[in-house]
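J.:
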Amino acid sequence: MRSEALLPMILMLGCGENLTPPETAEAARTTCYPNLDGRIDFEEFRLLLDHPASYFVSTEEQSIDVEGVVDDRGIRIWSYEEPGRDELASIRAVSVRDEWYSGSFPSEAFVLEEPGRTVDAVYLQDSTGLTALGYASREENPSAGKTLLVYQAPVMVHRYPLRRNDVFGGVGVVGVDGVLNGLPYAGQDTWEIEVAATGELGLPDVTLVGVYRLDISVSSQSDPPAGAPIVRRAVSFLFECLGEVVHFEGRAGGPSNQLGTVVSSRRLTLRR
0 MRSEALLPMI LMLGCGENLT PPETAEAART TCYPNLDGRI DFEEFRLLLD
50 HPASYFVSTE EQSIDVEGVV DDRGIRIWSY EEPGRDELAS IRAVSVRDEW
100 YSGSFPSEAF VLEEPGRTVD AVYLQDSTGL TALGYASREE NPSAGKTLLV
150 YQAPVMVHRY PLRRNDVFGG VGVVGVDGVL NGLPYAGQDT WEIEVAATGE
200 LGLPDVTLVG VYRLDISVSS QSDPPAGAPI VRRAVSFLFE CLGEVVHFEG
250 RAGGPSNQLG TVVSSRRLTL RR
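0 is the number of the first residue of the sequence shown in numbering that gives the first Met the number 0; add one for each residue after it.
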């Protein structure tokens, strides 16, 4: 199914005062400063197109602790400082307007441009939240066959303001006109997202206080059903004004209610 495009929820945003300064006039106009007020508002999560950010990325299978530890101050700590053998990659959000599938989605929709991805997850952001719209193969006619799956209605994956214990989600229904790897496909994706914890997160170049951990589950089922649903899980860490700073994706069909073995990861870095 769509393991390569599971939940790439990253927004390229204006940097805070203790981070690298914006490099474009557009970024300068939208620079955001974290106020650590216990919520993430739309103004602190506003998308910037064509504004690259650097991440340490890995596709090696690994076991990663996403629970962290609670210190004597009562603060949950996550430590992801060591880059290990991760590769440095530049990732940015781009408009769908120049993509082959642009006619199937709103002109304001965006996808991620990142190395190695063959399937795009399509999103739309407005002042109410971030919604998932569907998926499309990066190329119109790749060797694996074309993919174009458009949800009949958007699925809310972030709602602003975002706070701890918030729960989002919904069902993305793909009609009979869907195409998956060159074959007709109809089905649905059931999204479940919870803002499960807050705390302090250590990255290779910076420590962030007031980070939000999102636990994400997507269950995909064809229509008519062909076997059990395929369940994928991910964990995403968000910070005011920086968007998604860490993302871990588990192996499809992992243990119930657990991330399991991580097959893809990315961590924000200030390095270029």
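Every residue gets a Cβ at the ideal spot worked out from N, C-alpha and C, and that includes glycine. All figures in this text were calculated on a predicted structure; none of them were measured in a lab.
In the DSSP assignment, find the unbroken beta strand (DSSP E) run with residue 246 in it and report its ends.
T.: Working through the sequence shown from its first residue, we reach residue 246 at position 247. From DSSP, the beta strand (DSSP E) with residue 246 extends over 242-249.
J.: Taking DSSP as the reference, what is the three-state secondary structure of residue 113?
T.: Position 114 of the sequence shown, counting from 1, holds the residue named residue 113. In this structure, residue 113 counts as coil in the three-state DSSP scheme.
J.: Assess, as a yes-or-no matter, whether the region 92-108 is touched by the region 119-138 under the definition of 3 or more beta carbon pairs within less than 8 Å.
T.: yes
J.: Tell me, to the nearest whole angstrom, how far the beta carbon of residue 258 is from that of residue 231; I am working on the premise that it is less than 8 Å.
T.: On the sequence shown, residue 258 is found 259 positions in, with the first residue counted as 1. On the sequence shown, residue 231 is found 232 positions in, with the first residue counted as 1. Wrong, their Cβ atoms sit about 10 Å apart, outside the cutoff.
J.: Would a C-beta distance cut-off of 8 Å place residue 156 and residue 167 closer than the cut-off?
T.: Start at 1 with the first residue of the sequence shown, and residue 156 comes out as number 157. Start at 1 with the first residue of the sequence shown, and residue 167 comes out as number 168. Yes.
J.: Count Cβ pairs between the region 221-230 and the region 61-80 that sit closer than 8 Å; are there 3 or more?
T.: no
J.: Going by C-alpha to C-alpha distance, which of 205, 84 and 47 sits closest to residue 108?
T.: Here residue 108 corresponds to residue number 109 of the sequence shown, with the count starting at 1. Ranking 205, 84 and 47 by Cα distance to residue 108 puts 47 first.
J.: Less than 8 Å separating the beta-carbons of residue 150 and residue 128?
T.: Position 151 of the sequence shown, counted from the start, is the residue given in the question as residue 150. Position 129 of the sequence shown, counted from the start, is the residue given in the question as residue 128. No, Cβ-Cβ distance for residue 150 and residue 128 is not below 8 Å.
J.: Kindly indicate the opening and closing residues of the beta strand (DSSP E) around residue 88.
T.: The count along the sequence shown starts at 1 and reaches residue 88 at position 89. Segment 86-94, the beta strand (DSSP E) holding residue 88.
J.: Quick one: grab the DSSP three-state call for residue 83.
T.: Here residue 83 is taken as the residue at index 84 of the sequence shown, counted from 1. Three-state result, residue 83: coil.
J.: Would you mind listing the beta strand (DSSP E) stretches within the region 119-154 that are 3+ residues and don't spill past its ends, in chain order?
T.: 128-136
J.: Starting from the C-beta of residue 25, find all residues in its chain whose C-beta is less than 8 Å away, skip the five residues before and the five after it, and write them out in chain order.
T.: Position 26 of the sequence shown, counting from 1, holds the residue named residue 25. Its pLDDT being 43, under 50, residue 25 is placed unreliably by the model, and nothing is read from it.
J.: Rounding to the nearest angstrom, what Cα-Cα distance links residue 85 and residue 119 in this structure?
T.: Here residue 85 corresponds to residue number 86 of the sequence shown, with the count starting at 1. Here residue 119 corresponds to residue number 120 of the sequence shown, with the count starting at 1. Answer to the nearest angstrom: the Cα atoms are 22 Å apart.
J.: Have a look at residue 30 and residue 42 and give me their C-alpha separation to the nearest angstrom.
T.: Translated into the one-based positions of the sequence shown, residue 30 becomes position 31. Translated into the one-based positions of the sequence shown, residue 42 becomes position 43. Distance between the alpha carbons of residue 30 and residue 42: 10 Å.
J.: Within 10 angstroms of its Cβ, does residue 124 collect 16 or more other Cβ (buried), or is it exposed?
T.: Residue numbering aside, residue 124 sits at position 125 when the sequence shown is read from its first letter. Buried, by the Cβ-count rule.
J.: Got a sec, what are the start and stop residues for the beta strand (DSSP E) residue 59 sits in?
T.: Numbered from its first residue, the sequence shown carries residue 59 at position 60. Looking at the DSSP string, residue 59 is not in any beta strand (DSSP E), and its letter there is neither H nor E.
J.: Whole angstroms are fine: how far does the CA of residue 153 sit from the CA of residue 130?
T.: Counting from 1 along the sequence shown, the entry for residue 130 is found at position 131. Counting from 1 along the sequence shown, the entry for residue 153 is found at position 154. Between residue 130 and residue 153, the C-alpha separation is close to 6 Å.
J.: What first and last residue would you give for the beta strand (DSSP E) that runs through residue 106?
T.: By one-based count along the sequence shown, residue 106 stands at place 107. No beta strand (DSSP E) contains residue 106, which DSSP labels as neither H nor E.
J.: Note down the Cα distance separating residue 147 from residue 242, rounded to an integer number of angstroms.
T.: Counting from one through the sequence shown, the residue named residue 147 turns up at place 148. Counting from one through the sequence shown, the residue named residue 242 turns up at place 243. Rounded to the nearest angstrom, the two C-alpha atoms are 27 Å apart.
J.: How is residue 49 classed by DSSP in three states: helix, strand or coil?
T.: Position 50 of the sequence shown holds residue 49. The answer is coil: DSSP assigns residue 49 none of H, G, I, E or B.
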